[in-house]
Amino acid sequence: MVKLTPEIKGFIDSELSSSRPLKYSKLKQRITQKYGVRVSKA
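Quick look at the structure:
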C-alpha cells in the first residue's frame, strides 16, 4: 500500500471531479505511469 502524497491525492480528486471521470482501474494506471507508484486502494 502506497501512501498518497498530497500531489497524488489532488490528482485523484481532480480526476474524480472532472466532467468525465476515469474508471478507477484506468486512474490507477495513470497514477502508476505518472508517479511510478502502485495504488491498491485510495
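According to full-length UniProt numbering, the sequence shown holds residues 1 to 42 in order. Cβ coordinates follow ideal geometry from the N, Cα and C atoms, glycine included. Note that the structure is predicted; figures quoted are calculated from it, not measured.
First and last residue of the uninterrupted alpha helix (DSSP H) at residue i
| i | result |
| --- | --- |
| S18 | Run containing S18: none; DSSP gives neither H nor E here. |
Reduced DSSP category for residue i - H, G, I as helix; E, B as strand; rest coil
| i | result |
| --- | --- |
| R30 | helix |
| K9 | helix |
Rounded distance between the beta-carbons of residue j and residue i, thought under 8 Å
| i | j | result |
| --- | --- | --- |
| K28 | V39 | 5 Å |
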